[in-house]
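Novice: Residue numbers (the working numbering): 23 to 161. Glycine included, every Cβ here is placed at the ideal spot set by N, Cα and C. This is the structure, below, for whatever I ask next.
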Amino acid sequence: MNNPHHSRKPLLQAASTLLLAVLVLSKWSHTDRVDAAPLQTSTRSAPATNVIPPNALKVDTTKSRVFTFVGKTGLGHEHGIEGRLKSGHLVPGAETDAGQLVFDMRSFDADTPAARRFVGLSGTTDAGTRQEVNNNMRG
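Structure follows, in structure tokens:
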């Protein structure tokens, strides 16, 4: 597992730097409003308001995906990562407090065909290499 081609550092940096992530929401609508209720916040999450606005739209976590590109360092390789959301809501038209997305970090999977396609990487990655990259990424 000491392969320089699959260093953990870039993958962990990418996972912790969620600003690089691009969220693809395939379904959300005004019919998916969430009830106004206190948020369940984690001590690790960013500060949030205590109440979900009545015009908030619930994110469909079964159809939504997060894609991120991990660049190479040294002799490493570029990777596309695909992940899921645990929960989320968005507030249309909001300039601040526009919602909350909770990432399911355990679902992040390196070099899926969809992730590679989405971030613009050609080719495929064999199952053994994907498993090694996932193990390194998850620690």
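1) Is E117 helix, strand or coil by DSSP?
2) Can you grab the Cα-Cα spacing for the pair N156 / H101, in whole Å?
3) Just to confirm the assignment, what range does the beta strand (DSSP E) spanning E104 have?
4) Does the Cβ of E117 lie closer than 7 angstroms to at least one heavy atom of the ligand MN?
5) Are three or more beta carbon pairs between the stretch 89–107 and the stretch 124–139 nearer than 8 angstroms?
6) Residues in its own chain within less than 6 angstroms of K108 by CB, not counting five upstream and five downstream?
7) Buried or exposed: where does V73 fall if 16 or more other Cβ atoms within 10 Å of its Cβ makes it buried?
8) Among G145, A137, Q153, E154, which one has its Cα closest to the Cα of V88?
9) Among the residues of its own chain, which have a CB less than 6 angstroms from the CB of T134, if the five just before and after it don't count?
10) Leaving aside the five residues before and after F140 along the sequence, list all residues of the same chain whose C-beta is less than 6 angstroms from its C-beta, in chain order.
11) I'd like to check one pair, G110 with V81: are the Cβ atoms closer than 8 angstroms?
12) What three-state label does DSSP hand T90 in the structure shown?
13) Return the chain-ordered list of same chain residues with a C-beta closer than 7 angstroms to the C-beta of R152, the five sequence neighbours on each side being excluded.
Specialist: Considering the structure as presented:
1) Here E117 sits in coil by DSSP.
2) Straight-line Cα distance between these residues: approximately 11 angstroms.
3) If you look at E104, you'll find it in the beta strand (DSSP E) that goes 101–112.
4) In terms of ligand content, the structure shown is empty, and the ligand MN therefore cannot be addressed.
5) When C-beta atoms of the stretch 89–107 are compared with those of the stretch 124–139, three or more pairs fall below 8 angstroms, so the two segments count as touching.
6) These residues qualify, in order along the chain: V124, D126.
7) Exposed: under 16 other Cβ atoms inside 10 Å.
8) For V88, the nearest C-alpha among the options comes from A137.
9) The residues E104, in chain order, have a CB closer than 6 angstroms to that of T134 in the same chain once the five nearest residues on each side in sequence are set aside.
10) Hits under 6 angstroms: F89.
11) Between V81 and G110, the CB-CB gap stays under 8 angstroms.
12) In the structure shown, T90 adopts extended strand secondary structure according to DSSP, grouped into three states.
13) Answer for R152: A132, D133, listed in chain order.
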